[in-house]
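What follows is one structure encoded as structure tokens, with my remarks underneath.
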Amino acid sequence: MIELFSIFTKGGVCLWSYQESDHCFTDTINNELIKSTLMEDKGNNGQKKVGNYTMKFQLDNEYNVVFLVIYQTIVNLNYAEKLLNLVVDSFRGEFADSLKDETALYTPPSIIYNSFDDTFQDVLSKAAKSARATEAVVKKPKSFQESAKSQKTIDSLIVSRPGQQKKEPATKSAPKKVETETGGASSDSDYTSTSPPESPEQEVLRRREELFKKKSGNAKKKTEATGDTPTSPKPKGKQARVWALSGKPSDLKSLDRSDPKENDGNAAAEEVNRLAESMRDQIGSLRGDLRSLQESDDEDENDNDENEQQVVKSSGGWFSMIKGLVGEKKLTAEDLTPLVEKMRDNLIMKNVAAEPAEKICQSVVSKLEGKVVNNFSRVAQEVKTAVRESLVQLLTPKHRVDILRDVIEAKRDGRPYVIVFCGVNGVGKSTNLAKITFWLTENNHRVLIAAGDTFRAGAVEQLRTHTRCLNDLHKNSVYLYEQGYGKDAAGLAAAAIKIAAERDFDVVLVDTAGRMQDNEPLMRELAKLIRVNEPDLVLFVGEALVGNEAVDQLVKFNEALANHASPGQKPRLIDGIVLTKFDTIDDKVGAAVSMTYITGQPIVFVGCGQTYSDLRNLNVGAVVHSLLN
């Protein structure tokens, strides 16, 4: 049973609709399709489920029209796909002139398209009749003579065959032949077969005598072959090998360059002061909003035709796959298949995970299918524009995270602004926490760091060193709250937030232990920390080097936070992403696409170096340029 069949333009104008049920069908499901699939453009596979309803749709890019059918999921509407195809062909054939005429949009659709009601009824009955005919065709079973069971039965009825009677005696006489052939080879077998049974003592004496003869015979053969007398015994055990460059114990004293004075606290403090002194030129470099990443490398959106053709003519690029699509013709999915496969490989080579790469390619095909092009350069321009639009739309955040503004608002409310950092092991959580702390102190905010990584050896000392360096750059602006190792991270963070509120700190940055996404106990602890302290921002720290692993990490982190949320409350998921080690990947920037696709959340910070000032905002244009280069 069809709940709704609607034909509307991509601009939102409903041209024609049909409703079979009597109840009032709201536009909520229509809007959900437009919002989540058509506007966000996360790959259109032609089907989407919302609640108890299933939606199937088809895009007509030539006329910018969407054909949509909605039915209840419980109803197995097996002819929905066929109905869509028939309606598309009938509607295009009947109203092609009206669809081409842009002025027809100013005329009420009911005047132009009401005549399609009768056509739709004919198409609907034809599709339903075809589906019933398909269901009526029952697959003919095999006859008994054709089945394997029949062959087994026939074989079992045959008692003997001509060839078997000759083979069976041969197989039975084979063991006797082997016995006669091997009978003379073993002295033991002769002895046991011809001699009477001997006592156990006699058997032991006989075997000792044979062993002694065997050993004496081998010794004689060795002396005859070598000519040496076996009088010089060899030392037992294996002598240790001395490698050429391994050194000797006597060399340790000459190689020891350490100074006993370096182990005291004064030397460590002097080293921290020296590092802070070398970074004083960075003071004032991060005031205000962060700079965008690679601003000078942005691609100009308005490239002229000459540059466009130059990109197209490059033989190594994936645009060379469409050189055969020339002439006035309409693009089809078959024409675009070689291009899509090459484009998917190119995205995966740039570290985009397989799932986002597939969805981006589907989105490009849905945008280009049905468009009419006249020459090769036009095809290349359309393809490049479609890819760029999909990537820009995916990377552009749905909402902006403005931390400086939010810190000021929290300060007006008389409370600190709390940020929690989480992620897997070794991605740079503590290092980038120190960079963000430096950025906040550059903007005159007092920061309290909570050493929530109570598991990794040296984690507290690392934050202590960062605190010393940051305080040397901005006096008394950063404090560290620590309780040592082995403590409960959730309780430590709660105590740090309480102290920050009492002592007028503006921001609390909570460091957490690195944990793999499959470690269920540690994921439960992280969910508890977020649930108990209710931070203002939860940032996932991930490497720019990661590929398909980014999908698994983010999905399982969000699943853990959702599964361990308080009953009856909305789960708190990841709010943003910190992308680290961006300076090590060259043009393989696909991790940004994968992480944004999975979470739908923005990339708030990008770490691009080893100093405190190496912190940037994500530049969408630069990332897209690297992916399309």
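When we follow the UniProt record's numbering, the leftmost residue of the sequence shown carries the number 1, and every step to the right adds one. For every residue, glycine included, the Cβ atom is placed at its ideal position computed from N, Cα and C.
Taking all protein chains shown into account, do 16 or more other C-beta atoms lie within 10 angstroms of the C-beta of residue i, making it buried, or fewer, making it exposed?
i, result
"K418", "The question names Lys, but residue 418 is Val in the sequence shown. Counting Cβ neighbours within 10 Å, V418 comes out buried, since at least 16 surround it."
"H625", "buried"
"L211", "exposed"
"R515", "buried"
"K350", "buried"
"T544", "It is worth fixing the name first, because residue 544 is Ala in this sequence and not Thr. Answer is buried; the Cβ neighbour count reaches 16."
"T182", "Below a pLDDT of 50, predicted positions are generally treated as unreliable, and T182, at 43, falls in that range; the measurement from the model is reported next regardless. Exposed."
"L205", "exposed"
"R400", "exposed"
"L480", "buried"
"I111", "exposed"
"K429", "buried"
"R395", "The amino acid at residue 395 is misidentified as Arg; the sequence shows Leu. The residue is buried, with at least 16 neighbouring Cβ atoms inside 10 Å."
"W439", "buried"
Would you say residue i and residue j are within 9 Å of each other, going by their C-beta atoms?
i, j, result
"T580", "V541", "yes"
"Y18", "F120", "yes"
"I585", "T599", "no"
"L368", "L347", "no"
"Y63", "L99", "yes"
"L68", "A127", "no"
"V606", "L391", "no"
"A490", "L529", "yes"
"V352", "G547", "yes"
"L615", "N432", "yes"
"M279", "T611", "yes"
"W16", "Y106", "no"
"I603", "L473", "no"
"D575", "T512", "no"
"Q517", "A560", "yes"
"L83", "L124", "yes"
"K48", "L33", "yes"
"A451", "E482", "yes"
"V507", "P567", "no"
Going by DSSP in three states, residue i sits in which element: helix, strand or coil?
i, result
"L492", "helix"
"F8", "strand"
"Y113", "helix"
"F505", "coil"
"V532", "helix"
"Q483", "coil"
"D518", "coil"
"V427", "coil"
"I436", "helix"
"V352", "coil"
"S363", "helix"
"V546", "coil"
"S90", "helix"
"S98", "helix"
"S390", "helix"
"S292", "strand"
"S107", "Checking the displayed sequence, the identity of residue 107 turns out to be Thr instead of Ser. In the structure shown, T107 sits in coil (DSSP, three-state: anything other than H, G, I, E or B)."
"K248", "coil"
"G621", "helix"
"S130", "helix"
What does DSSP give as the partner residues of residue i in its beta bridges?
i, result
"R616", "V606"
"K49", "T54"
"K330", "V372"
"I403", "None; I403 has no bridge partner."
"V510", "V420, A450"
"W16", "I7"
"Y79", "Paired residue(s): none; Y79 is not in a bridge."
"G576", "L539"
"D60", "V65"
"S285", "The partner list for S285 (beta bridge, DSSP) is empty, contrary to what the question assumes."
"V379", "In DSSP, V379 forms no bridge with anything."
"V478", "V447"
"I2", "Y71"
At which residues does the beta strand (DSSP E) containing residue i begin and terminate?
i, result
"I585", "Neither: I585 is in no beta strand (DSSP E) and is coded neither H nor E."
"E543", "537-543"
"F557", "No beta strand (DSSP E) contains F557, which is instead part of the alpha helix (DSSP H) from 549-563."
"L68", "65-72"
Between which two residues does the alpha helix (DSSP H) carrying residue i extend?
i, result
"residue 632", "For the chain, the structure presents residues 1 to 629; residue 632 sits outside this window and is missing."
"V460", "459-473"
"K253", "252-255"
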